[in-house]
Amino acid sequence: MIRLESLTKSYMTKAGRHYLFKDLSLELPTGRSIGLLGKNGAGKSTLLRIIGGIDHADSGRVVSDSTISWPVGLAGGFQGSLSGRQNVTFVSRLYVPEDQVAEKVKFVREFAELGKYFEMPVKSYSSGMKSRLTFGLSMAFDFDYYLIDEVSGVGDAAFRKKSAALIEEKRKSSGFILVTHNLKRLKEQCDAAVMLSDGKATYFEDIAEAVEVYDSYAIPTK
Amino acid sequence: MQPSPKRRTSLQIQIAAVRALFWREVHTRFGAYNLRLGYLWVLLAPGMQVLFFLILFSTIRIKVVPYMDAGLFLVSGILPWMMFSSAASRAMGAVEANKGLFNYRPVMPIDSIIARTTLEALLSFNVFMFFLFFLWWFGTTISIEHVPLMVLAWLLLWVFSIGFALIMMVIGHWSAEVGRFIMIFIRILYFASGIMYSLHVLPPEALKYVLWNPIPHVIEHIRHSVAPAYPVHHVSLEYFLQALIVVLFLGLLLYRGNERSMMTSKSR
Numbered sequence: 028m029i030r031l032e033s034l035t036k037s038y039m040t041k042a043g044r045h046y047l048f049k050d051l052s053l054e055l056p057t058g059r060s061i062g063l064l065g066k067n068g069a070g071k072s073t074l075l076r077i078i079g080g081i082d083h084a085d086s087g088r089v090v091s092d093s094t095i096s097w098p099v100g101l102a103g104g105f106q107g108s109l110s111g112r113q114n115v116t117f118v119s120r121l122y123v124p125e126d127q128v129a130e131k132v133k134f135v136r137e138f139a140e141l142g143k144y145f146e147m148p149v150k151s152y153s154s155g156m157k158s159r160l161t162f163g164l165s166m167a168f169d170f171d172y173y174l175i176d177e178v179s180g181v182g183d184a185a186f187r188k189k190s191a192a193l194i195e196e197k198r199k200s201s202g203f204i205l206v207t208h209n210l211k212r213l214k215e216q217c218d219a220a221v222m223l224s225d226g227k228a229t230y231f232e233d234i235a236e237a238v239e240v241y242d243s244y245a246i247p248t249k
Numbered sequence: 322m323q324p325s326p327k328r329r330t331s332l333q334i335q336i337a338a339v340r341a342l343f344w345r346e347v348h349t350r351f352g353a354y355n356l357r358l359g360y361l362w363v364l365l366a367p368g369m370q371v372l373f374f375l376i377l378f379s380t381i382r383i384k385v386v387p388y389m390d391a392g393l394f395l396v397s398g399i400l401p402w403m404m405f406s407s408a409a410s411r412a413m414g415a416v417e418a419n420k421g422l423f424n425y426r427p428v429m430p431i432d433s434i435i436a437r438t439t440l441e442a443l444l445s446f447n448v449f450m451f452f453l454f455f456l457w458w459f460g461t462t463i464s465i466e467h468v469p470l471m472v473l474a475w476l477l478l479w480v481f482s483i484g485f486a487l488i489m490m491v492i493g494h495w496s497a498e499v500g501r502f503i504m505i506f507i508r509i510l511y512f513a514s515g516i517m518y519s520l521h522v523l524p525p526e527a528l529k530y531v532l533w534n535p536i537p538h539v540i541e542h543i544r545h546s547v548a549p550a551y552p553v554h555h556v557s558l559e560y561f562l563q564a565l566i567v568v569l570f571l572g573l574l575l576y577r578g579n580e581r582s583m584m585t586s587k588s589r
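In the order they appear, the protein sequences are chains A and B. FYI, the numbering for the first sequence is 28 to 249, going by the working numbering. FYI, the numbering for the second sequence is 322 to 589, going by the working numbering.
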């Protein structure tokens, strides 16, 4: 379960205070997936990070008894001069006791199929190899919720395909919080949605309704 | 399939995070590609300083170092200082430099400070040991009578550095300019810490002010521990301990007040 209690987030800009959302409250029962809708810069990724507990709102709070992943797909998590193995070991150490680290590393090595590149610095990887490592790593753990950000970071086509596969694989056991521009997938893979528009956040219990409203809001202004 | 991440206590999570960050730092600095250069630099940086002052001392032919071997004197001043100052300067940009790591929820800013400062301390201590061995090999008398005192002094300096690094991290987070100003102040402090001269050659008027600085208190004890003939009557570990408690308390207090802000996005 994840509960958002009257979250407000704003940034100070030269033109004054800019609100991403005000007084956002909602409760997400375990297992339900949620899509975040909004134009570029509306605050989708920020909301994703706030739900994940790695960014903070100005006021309000996030209450949760679930395990939540890091934002999958976000660039900046890997240290380029370290090998794939060293990066995976680092993250595994953060999330599981030491005696399970070797098992996680083995899982990622097999899943990512990087061959000898697994022992080479991540900065020598192609973007496809990087996304295989990213997804191998996120597959190795069973979080109650996965945060997936396809918009910022390395959101190329291969990456989106991988993330669709991750969701298919994990949707029986986990919930998702998904930021994507692909409305069709959002409809298929999410149960509910939050739409961010003009400094307001609107919660929709029904994803189809959310997409409909978003379409009529976003398309004419394109 | 895979077991879900097990519930751990906050302390277990913090220890795991510090541990992971520590090894990440070790691998980054001494990884396969930096191996030779990494190790070499760890020895070269203090080695060159020691050499510089040894040459300087022998040219000006002044007995600036009473009661002990000049090389030993320099080594036991320069390495503790390097540990302290590099911990402080690295802490200044720590929030910005570690932004990517805060994507992993178990990682808190303080963990990176503890991990990095501990690595600095271990490196400096090991390089110190290396130089002691080197000097001993070439005939310098080194006492092992006060090894516990030496270890204690290093441990206290390590904790002091963590506290100080926390303060620097918070300052660097709020204003990089103020942080840089403090780093300049620390460079100046180097000359007022009795590193290339002995406190015993200072006139009492100068000594009075230098002794406000906690660093020479611990450095003089390290010197005394490897060369017991070197007196420690001006300094006191008790004073250093008091300074440590103040610095650590202030560091933790500032950290606690600013942890959230360090992990909050301000703009894009």
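Virtual Cβ for every residue (Gly too), placed ideally from N, Cα, C.
Chain A within 8 Å of Tyr425 (chain B), Cβ atoms only: yes
Distance, Val371 (chain B) Cα to Gly70 (chain A) Cα: 54 Å
First through last residue of the beta strand (DSSP E) which encompasses Gly202 (chain A): 202-206
Range of the contiguous beta strand (DSSP E) that encloses Gly572 (chain B): Per DSSP, Gly572 (chain B) belongs to no beta strand (DSSP E); it is in the alpha helix (DSSP H), 558-583.
Where Tyr144 (chain A) falls: helix, strand or coil (DSSP): helix
Within 9 Å of chain B by C-beta, residues of the stretch 29-40 of chain A in sequence order: Lys36, Tyr38, Met39, Thr40
Where Ala337 (chain B) meets chain A, residues with beta-carbon distance less than 7 Å: Arg120, Leu121
Whole-angstrom C-beta distance between Phe561 (chain B) and Thr439 (chain B), which should lie under 8 Å: Their Cβ separation, rounded to whole angstroms, is 19 Å, which puts Thr439 (chain B) and Phe561 (chain B) out of contact at 8 Å.
Cβ-based burial, His554 (chain B) [other Cβ within 10 Å; buried from 16]: exposed
Contact residues within the stretch 104-119 of chain A, judged by C-beta distance below 9 Å to chain B: Gly104, Phe105, Gln106, Ser108, Leu109, Ser110, Gln113, Asn114, Thr116, Phe117, Val118, Ser119
Cβ neighbour criterion (16 or more within 10 Å) applied to Gln563 (chain B): exposed
Chain A contact for Lys587 (chain B) (CB, 8 Å cutoff): yes
Neighbour-count burial assignment, Asp256 (chain A), 16 or more Cβ in a 10 Å radius: Residue numbering for chain A in the displayed model covers 28 to 249; residue 256 (chain A) lies beyond these limits and cannot be assessed.
Exposed unless 16 or more other CB atoms sit within 10 angstroms - verdict on Asn67 (chain A): exposed
Candidates A:Lys188, A:Val206, A:Lys211, A:Asp218: closest to Arg198 (chain A) by CA position: A:Asp218
Burial state of Gln333 (chain B), where buried means 16 or more other Cβ atoms lie within 10 Å: exposed
Residues that Gly80 (chain A) contacts on chain B, provided the C-beta gap is smaller than 8 Å: Arg426
Per-residue DSSP class, three states only, for Phe231 (chain A): strand
Under 7 Å from the C-beta of Pro98 (chain A): neighbouring residues of chain B: Asn424
Touching by the beta-carbon criterion (3+ pairs, under 8 Å), the stretch 540-554 of chain B and the stretch 464-483 of chain B: yes
Interface positions of the stretch 193-217 of chain A facing chain B (Cβ-Cβ less than 7 Å), listed along the chain: none
Beta carbon proximity, Leu574 (chain B) to chain A, threshold 8 Å: no
Classification of Pro324 (chain B) by the beta-carbon crowding that lies within 10 angstroms, buried from 16 upward: For Pro324 (chain B), the pLDDT reaches just 46, beneath the cut-off of 50, and the residue's location in the model is therefore unreliable, leaving the point undetermined.
Cross-chain neighbours of Thr73 (chain A) in chain B, by beta carbon under 7 Å: Ser586
Buried or exposed by the 16-neighbour rule on C-beta atoms within 10 Å, applied to Pro124 (chain A): exposed
Whole-angstrom distance between Lys157 (chain A) and Val149 (chain A), CA atom to CA atom: 7 Å
Thr250 (chain A) versus Leu223 (chain A) - alpha carbon distance: Outside the modelled stretch of chain A, which goes from 28 to 249, sits residue 250 (chain A), for which no answer is possible.
Short CB-CB distance (under 8 Å) between Ile95 (chain A) and chain B: yes
For Trp533 (chain B), three-class secondary structure by DSSP: coil
Rounded C-alpha distance that separates Leu63 (chain A) from Tyr241 (chain A): 11 Å
Three-pair Cβ contact test at 8 Å for the stretch 478-488 of chain B versus the stretch 385-395 of chain B: no
Length of the line joining the Cα atoms of Lys249 (chain A) and Asn209 (chain A): Residue placement at Lys249 (chain A) is poorly supported in this model, since its pLDDT is 44, which falls under 50; the coordinates are not used for a value here.
Top-ranked residue by Cα proximity to Val416 (chain B), from B:Met471, B:Ile492, B:Trp533: B:Ile492
Distance between Tyr46 (chain A) and Thr40 (chain A) (C-alpha atoms, nearest Å): 10 Å
Delimiting residues of the beta strand (DSSP E) encompassing Pro469 (chain B): It is not in any beta strand (DSSP E) - Pro469 (chain B) instead sits in the alpha helix (DSSP H) that spans 468-495.
Cβ-based burial, Leu358 (chain B) [other Cβ within 10 Å; buried from 16]: exposed
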